[in-house]
Amino acid sequence: MVVLGSREQMCIHHEVKQLRGYSQNQACRALCKTRSCHHQNRVSGYLQSHPDMGEEPFDIEDLVNIGRIKGPCPYYMSRELHNSAEILFAPYNYLIEQENRKSLTGINWENTVLIFDEAHNLEGICADAASFDLSSSLLSACIAEAKECVDLASVFRTTNNSADASVDPENFAILKALLLELDKRINDVPLSSDMGFTKPGAHIFEFLADIKINSDTINMLLDTIDNATNLLEDETNIGSVKLNKRPGNASRLQVLRDALRVVFRGKDKSHAACYRLHIHEPYVIDADKGSRKGKGRTLSWWCFNPGLAMEEFSQLGVRSVILTSGTLSPLSSFALELKLPFSIRLENPHVIGPDQIWVGVVCTGPSGRPLNSSYRTRDSLEYKLDLGNTIVNFARIVPDGLLVFFPSYYLLNQCIEAWQMPNAGAPQSSTVWERICKHKQPVIEPKESALFNHANEDFVTKLNDATSSGAVFFAVCRGKVSEGLDFADKAGRAVIITGIPFAMKTDPKVRLKRDYLDEQARLQVSGKNQVLTGEEWYVQQASRAVNQAVGRVIRHKDDYGAIILCDERFAQRNAQNQLSLWLRPHLKCYSRFGDATFSLTRFFKDKVSNSLSTTKVGTKISGAVRNASDCIILDKGAAALHFGKSLQSVYKNIQDHRAKTSDLELKTNEFQIFGQKYTKPTGLHGDSLTGTACHDSQRSLSAILSSAREKSVNRQLPLTEIVPANRAVGSALGSVGLVKHSDSVKRTVMASLGDSDYGVIDLASQSPSKQEDAYFQRKADNCTMNIEDFHEEKDSKNQKNQSFKIPTCGKSTSSKQTESQGHSFRAGGRLEVTGVSNDKHKNAAEFLEQVKARLSAPEYKGFVECMKGLKQDPKSVFEAIANLFSAPERIFLLRRFGEFIPSQYRELYHKFFTAKVSAVDKLSERHFDGDNTSYTHTELRDSGLLSFPSRSRKRPGSSIS
């Protein structure tokens, strides 16, 4: 086998590899012609000493590495190897373009099998290969080269006293005169202001015949152009001053030669029926004068039958042509375009299951306005802002990588400009762009190809940034991101299509293509053969671009992701029929924005839950649990578990503080969960812990689980699964845990503990058992919580140093019991309880009764433990409390909690309180970043959009939609 590539990919010459295009090809040929390239000179010797080259698979990078180490030219080495290769990998243009195909001299086309991968591009490539555009700047460059050839030929004849016909200055003078006349003829054509000048394809022969270019003179003209390019190549000498003599170092006469060969491709002129001749003058706006300025005219000869290129393979006698792509649908129209029967057709389902894909049409934005990127609405500021708010919401829900595709670069730039504009009504509020960046770090696809690699690397860097929740890549359908790039797994968890990428109907090439197909349909005998109309082609081109973009997400059988179609036109049956077959069974339309966000949130929660539940946990873990935060599973993508994150910070500070206090140090056989001491069961082997897979505070949960799987155990309890993310802190179920037990396991463990003060807690259960409730009640009755006393300003002088204890259940405790169990907030000693009034004591007790009624048992235990860190890290404590009481029915707890805050922390707490109340007020107004869709709090809770849903009953007066 052998892989063919371009000089741009394979050249290793220190000077030539810096060039591009015609310049590079010309410089390479000039060096090789004089045997001045030492890399090309080593190819023959290297292949002779390595006769097995090509028997093993290799790629372009392997050839380049061989060239750099051993010296032979990778480009010419692959050219030599292709003569004997049985399997040849090559770019499309090596087969489609006639001149490139002629260079493949080692291929016997008869009985050859051609396989075109990513064949959805084949139609356009075939049509472009058979078309050309001659701009005024190109013709000017050709005229300058012809004049240069006249001068070079004159000097050559005088210097060498040679009568070589290939270097005849008169022939080059005639070439120059023909080109001047051609340029004059193009500029003399009368143009319509909008439509340009359009004629049937055969008119090109009349047009050229007027300047004496016809079938009788074409071969002589082509020979003259070849002689001119050879003369220019001979003058090009790497390392000399002449290397930079012409702009770009490219022979533009070669482009003209290729165009003439397309026109005079055969003995007859029948192929011209598939073409249209078009002359137009592009305009640009003069910013200084405010007027349009012409850029010079362009003569175009466009092919609208891509089947012409494919017919040549039939003439060559190839055995089979196989086209493969994930976005060929609909197959029938694709076959019609290529003019090949394709008697065998196969459209496979996807390898993924239905639970691995979410496909939805989002018809409206958060404000309720329709999302429609057609020309009627796409320029309105309201549409752009609503689309931006839509992306803000999805950026918050989708974990890791997010891809957003626009129909065009124009619309991409217009939307980003609108999103970066400050809100005129509220200049201090965050812009849409700032809110997007809050959830995902942005990367924008550049229009220039040279900058794309940098943008791609930037996306990978931001995606892997541990301090952020992912990255978003803003790109364009038919752009570089949508073609061939692999956004597997976390790189692309969702793709958003902001509109249908229809081509501009006013574009001359698009208009003429539609007219051509409509004309062919009218000429077709009714019912004889299936035909493709201009409108059908127009729609299918846009749909294929969409299908190609959405294919960036699901990349292998274990991958999962979401496809979000943010345009109401996708709800139409015709648009859905244009989507890939594997997508259609999963497609759902959402008329309300909130329904879409709710469903998408549940999808990602379920995926995280399923991925976690498939991991089995061993039970033998060395060491004791040092930090309760190790037991918290966080999912940044599925739910915002702010409370869990804050608790981790609080716990760390608490443990750091306790490490300095000898009377709070844990014995080696003790561990804590939410502030309660437990002793390891002695009836189990080694360091096994009952129902707990936590270990060493310095290790992550993934490291713990990995270590557990690697260790052998003498006895294992039948633990079943890691708790799913939707049962973690802040989830709809309101439970925290790692391991789910069966009832038999719990009974076994409880029996082994005997009458000791142990508790086996099934934190994966939606509701605690009676046994667990009794256990928590017993422990809660005996524990107390310390908060520094807060008094009104008039009493602050007398009471500012006093503190009081609040019994957690509102029950009185003896002073002896209080002293033995309470922990002081003051460094270095226990708290002396003095001067506490009965009213203050009663108010605190009532408050804790309300807290306990509103929180689940694990949340309440976390609340108690959290309060012990107030002196060490008040900011983290307030953040945790603010998130814990963030649900609408808990806001009154957040307000009451402020009554017990020490005066020095009151201002800091007020900031958290104000921010949280503001956020909840927005939700209570039933808005999701501008969404006016109505929802019950139960719906908000189950969707995961509230940080901390309550497990209690709804308060009286709560509205139900």
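So the sequence shown is numbered by my numbering: it starts at 173 and just counts up by one.
Cβ atoms here follow ideal geometry from the backbone N, Cα and C, with glycine treated the same way.
Taking L557 as the centre and dropping the five residues before and after it, the same chain places the C-beta of A590, V604 closer than 7 Å to its C-beta, in chain order. Cβ-Cβ distances below 8 Å link Q696 to V703 in the same chain, with the five nearest sequence neighbours on each side left out; the list follows chain order.
Listed in chain order, the non-local C-beta contacts of N402 below 8 Å within the same chain comprise S338, local neighbours out to five positions each way being set aside. If you look at Y194, you'll find it in the alpha helix (DSSP H) that goes 193–205.
Put simply, the segment 308–315 touches the segment 337–356. At least three CB pairs are less than 8 Å apart. Rounded to whole angstroms, the separation of the alpha carbons of I524 and M225 is 39 Å. Secondary structure of S515 (DSSP, three-state): coil. Its Cα nearest to that of F485, the residue E269 stands out among Y1077, E269, R214, F261.
Non-local C-beta neighbours of D355 in its own chain, meaning closer than 8 Å and more than five positions away in sequence, comprise S308, L311, S312, I315, ordered along the chain. Setting aside the 5 residues that flank it on each side, D661 is surrounded in the same chain by D731, each with a C-beta closer than 7 Å to its C-beta; the list follows chain order.
Residue pairing from DSSP places G573 in a beta bridge opposite A643. Here N477 has C446 as same chain residues with Cβ atoms under 6 Å from its own Cβ, once five neighbours each way along the sequence are excluded.
Its chain contains I287 as the residues whose beta carbon lies nearer than 6 Å to that of I494, once the 5 sequence neighbours on both sides are disregarded; these appear in chain order. Under DSSP, P542 forms a beta bridge with T536. DSSP lists V644 as the beta-bridge partner residues of P614. Within the same chain, V175 come within 6 Å of F261 by CB-CB distance, once the 5 residues on both sides are set aside. Residue state for L324 is assigned as helix, using DSSP reduced to three classes. Distance between A663 and D630, taken at the CA atoms: about 12 Å. For D305, the beta-bridge partners assigned by DSSP are S472. If you draw a 10 Å sphere on the C-beta of Y555, you find 16 or more other C-beta atoms in it, and that means buried.
In this structure, the CA atom of P513 is about 6 Å from the CA atom of A507. Rounded to the nearest whole angstrom, the CA to CA distance from P618 to S326 is 48 Å.
The beta carbon of I735 sits closer than 8 Å to those of I529, W530, V531, G532, A666, V667, I669, V722, V725, L755, all from its chain and outside the five residues before and after it, given in chain order.
According to DSSP, A734 shares a beta bridge with W530, A666.
In the structure shown, the three-state DSSP call for P246 is helix. DSSP places R214 in the coil class of the three-state scheme, outside both helix and strand. By the Cβ neighbour-count rule, A598 is exposed, with fewer than 16 other Cβ atoms within 10 Å of its own.
Remark: C-beta atoms of V644 and L574 approach each other more closely than 7 Å. The three-state secondary structure of Y582, taken from DSSP, is helix. Per DSSP, the beta-bridge partners of S364 are G368. Under the three-state reduction of DSSP output, H222 falls in the coil class, being neither helix nor strand. In the three-state reduction of the DSSP assignment, S256 falls in the coil class, being assigned neither a helical nor a strand state. By the Cβ test, the segment 234–244 is in contact with the segment 194–214, since at least three Cβ pairs between them sit closer than 8 Å.
Secondary structure at C183: coil, using DSSP grouped into helix, strand and coil.
In this structure, DSSP gives Y710 a helical state, which the three-state scheme calls helix. Straight-line measurement puts the Cα of Y194 at about 7 Å from the Cα of S423.
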